[in-house]
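Report on one structure; see the data block that follows.
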Amino acid sequence: MPDPVIVAQDLRKTYAGFAAVDGISFAVERGESFGLLGPNGAGKSTTMRMVGAVSTRTGGSLSVLGLDPDRHGPEIRSQLGVVPQSDNLDTELRVRENLLVYGRYFGLPRAQVARRADELLAFAQLEDKAKAKVDALSGGMKRRLTIARALINDPSILLLDEPTTGLDPQARHILWDRLFRLKEQGTTLLLTTHYMDEAEQLCDRIVVVDKGAIMAEGSPAELIRRYSSKEVLEVRFGSSRNSEVAERLQGIGDRVEVLPDRILIYTGNGEAELVRLTDAGLHPITSLVRRSSLEDVFLRLTGRTLIE
Amino acid sequence: MSTPDAARPQAPAASAGGQSDAAARAIRATRNSRRWGSWYVAEHRFRVMRSYAQTVLVTAIGNPVIYLYAMGVGLATLVDGNLGADAVTGVDYLTFVAPALLCSAAISVASEEFTYPVMLGFKWNPVFYGMNASPIQPGQIINGLVISVAARMLVTCGLYFGFMLLFGAVPSPTGFLAIFAALLTGMGFGALLMGYTSTLTEDTGQLAMVMRFIILPMTLFSGTFFPLDLLPLYLRWIGWISPLWHGTELSRVFAYGAVEPVWLSVVHVLYLAALLMIGWVWARRVAVRRLNK
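Protein chains in written order, with the numbering used here: chain G, 1 to 308; chain S, 1001 to 1293.
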């Protein structure tokens, strides 16, 4: 039986005539990991703020845990964990203190907060940094502390806005591992990202958002199946020649996308297409066969790449 | 000092349907924060203040010693020696100036605690946004700030008063009430400052201007070091609108029984209380606007 914890219908947010979120609808089930994928400025963060009950919607309806954010903002927020896009940890306090103070905002007893803070420092692998100053932490550690802080109230839903933006690959993987554990424990995750690999790693279901509207919805595999081919052949002929060569690619692959720096050939079998290409007398400077990703889905849906 | 937190929650709408369990749990879980949220925010400020507790204590003890000695002993020798020991409104200079110094101390706590923590919370290290993502509401953030500053100010003024007693500057048995007059002075002025600071999205020198062109002249022309009557009539309005003048005059009534009509004392209290309420409501409104985007 479906048990949605977040239901948005025709949700809108307008700033001085500009529609940041322009009528989007989605539902997130309990225990699900749900992603909003889209480029910067697509309306993801605005959507997150409305779900987080810190931004009043302009139109449409929204229910979080069966409550309306307009009327029950604090009640909804008591059940959420929020990891904002930019860390707002308290730099005047030490690492563990950040957790202690934050837990109190939820009205939790001091002893319970202290116990929970120690558990979360272990979870975030920050035990030996408990007394450190926040500014002394690396970017990855700060993010982990922010996530630990978001978990202090044992939330039903965790909202993560661009959780790994700005982190190096190793820090991202540590973070993904932590988030994956939460997912396994049944925490509902709602996250925004413009990284395809992140969405593929963490999300059961995704909506692709662009210019405040939803372009497509489904699991990563479904979206790839629906909007892309199994494999992609990427070839480079040098930026001056790409568009010229593209004209000679008629009949090769299912579909061809010409980007400024490379040509993408969508096909069921990349290696076979590469052979056909060389047989036709075309010799790319570099070539690469890879599996289709959400990046390709996004390109197909919007005609643009995610990171521009 | 309590303000009502936001209205009590109502029962979840009928549309909640199958979610009523989760909704009911949420409502239960939020009870404490709705009731005590302002105090939780104050708790945060106290924790932060602890990190500069030494500065707080050193200024709270050092200032009265330095000022009471310099003005009340040093300058007083000159004043009393030339004009007589009861020349300034019927008392010696130390007794005259001490209540004013007490109120100035409250103003200086206000000008510190109602400016930088506000800029910090909204902008430099936006912890207010973090609080706002929890069940804490924007109005409670402002309340918490007010509570914490009032507490620090009370400690500062209490210590100051202790030194006034040591210097023998408080002849009246009702003298201790001057502490509360000073508190009202600091909070009335401070709340306005908090309201103004909360509207700043960037500090491009506005706060320094406030210090230089509002707080400093106010300190000099509020009947602090000499009675306001000594100023030419066209400058006395500075005193009349100055929270420091109202607070100082009230403190003098308590500290040494300075003579003024009762209605004027009532005006002092009402004026300062009005500033406090205006600044408080102003800051709460701005906080709602800034935190709910």
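For every residue, glycine included, the Cβ atom is placed at its ideal position computed from N, Cα and C.
- About 6 Å separates the beta carbons of Leu99 (chain G) and Arg149 (chain G), which is inside the 8 Å limit, making them a contact pair.
- Around the beta carbon of Phe1213 (chain S), fewer than 16 other beta carbons sit within 10 angstroms, so the residue counts as exposed.
- The residues Ile1141, in chain order, have a CB closer than 6 Å to that of Met1131 (chain S) in the same chain once the five nearest residues on each side in sequence are set aside.
- In this structure, the beta-carbon distance from Arg12 (chain G) to Arg57 (chain G) falls below 8 Å.
- When secondary structure is reduced to three states using DSSP, Arg205 (chain G) falls in the strand class.
- Here the alpha carbons of Arg226 (chain G) and Pro155 (chain G) stand approximately 34 Å from one another.
- With respect to the 8 Å criterion, Met50 (chain G) and Pro74 (chain G) are not classified as neighbours on the basis of their beta carbons.
- Under the DSSP assignment, Val1149 (chain S) falls in the alpha helix (DSSP H) whose first and last residues are 1138-1166.
- Annotated three-state conformation of Tyr1040 (chain S) is helix, per DSSP.
- Contact between the stretch 1089-1108 of chain S and the stretch 1070-1081 of chain S is present: three or more C-beta pairs spanning the two stretches fall below 8 Å.
- Residue contact with chain S for Gln201 (chain G): absent (no Cβ-Cβ distance below 8 Å to any residue of chain S).
- DSSP places Arg276 (chain G) in the uninterrupted alpha helix (DSSP H) bounded by 270-279.
- Taking Val134 (chain G) as the centre and dropping the five residues before and after it, the same chain places the C-beta of Leu89, Asp90, Thr91, Leu93, Arg94, Val95, Asn98, Lys142, Leu145 closer than 8 Å to its C-beta, in chain order.
- Neighbours of Thr47 (chain G) across chain S, judged by C-beta separation under 7 Å, do not exist; the nearest C-beta is about 13 Å away.
- Contact between Met1153 (chain S) and Met1187 (chain S) holds, with the beta-carbon distance rounding to 7 Å and staying under 8 Å.
- For Pro4 (chain G), the beta-bridge partners assigned by DSSP are G:Glu29.
- Interface with chain S (8 Å Cβ-Cβ cutoff): Ile76 (chain G) is included.
- Per the DSSP secondary-structure output, Arg1050 (chain S) pairs with nothing in a beta bridge.
- Residues Leu1193, Thr1197, Leu1207 of the same chain have their beta carbon placed closer than 7 Å to that of Thr1115 (chain S), with the five preceding and five following residues left out of the count.
- Under the Cβ distance rule, Thr56 (chain G) counts among the residues neighbouring chain S, one pair being separated by less than 8 Å.
- Taking a cut-off of 8 Å on C-beta distances, the stretch 1050-1068 of chain S touches the stretch 1153-1167 of chain S, as three or more cross pairs fall below it.
- For the set S:Gly1084, S:Leu1200, S:Phe1254, S:Leu1231, the Cα lying nearest the Cα of Pro1173 (chain S) is the one of S:Phe1254.
- Proximity to Leu1145 (chain S) across S:Trp1039, S:Val1288, S:Leu1183, S:Trp1240 peaks at S:Trp1039, based on C-alpha coordinates.
- The continuous stretches of beta strand (DSSP E) do not include Gly1257 (chain S), and DSSP gives it neither H nor E.
- Sequence-distant partners of Gly268 (chain G) (beyond 5 residues in either direction) whose C-beta falls short of 7 Å from its own C-beta, in its chain, are Ser229, Lys230, Glu231.
- For Phe34 (chain G), the three-state secondary structure derived from DSSP is strand.
- By the Cβ neighbour-count rule, Trp1240 (chain S) is exposed, with fewer than 16 other Cβ atoms within 10 Å of its own.
- Residues of the stretch 112-123 of chain G whose Cβ lies closer than 8 Å to any Cβ of chain S: none.
- Counting of Cβ neighbours within 10 angstroms places His283 (chain G) among the exposed residues, the total staying below 16.
- With contacts defined as CB atoms closer than 8 Å, Leu158 (chain G) and Phe34 (chain G) fail to qualify as a contacting pair.
- For the pair Ala20 (chain G) and Gly43 (chain G), the CB atoms are nearer than the 8 Å cut-off.
- Taking a Cβ-Cβ threshold of 7 Å, none of the residues of chain G is close to Arg1284 (chain S); the smallest such distance is about 15 Å.
- The criterion of a C-beta distance shorter than 8 Å is not satisfied by Ile206 (chain G) and Ile24 (chain G).
- In terms of beta-carbon proximity, Asn88 (chain G) lines the interface with chain S, with at least one pair separated by less than 8 Å.
- Counted as a single uninterrupted DSSP element, the beta strand (DSSP E) harbouring Met215 (chain G) occupies residues 213-218.
- Taking the CA atoms as reference points, Pro1138 (chain S) sits about 5 Å from Ala1287 (chain S).
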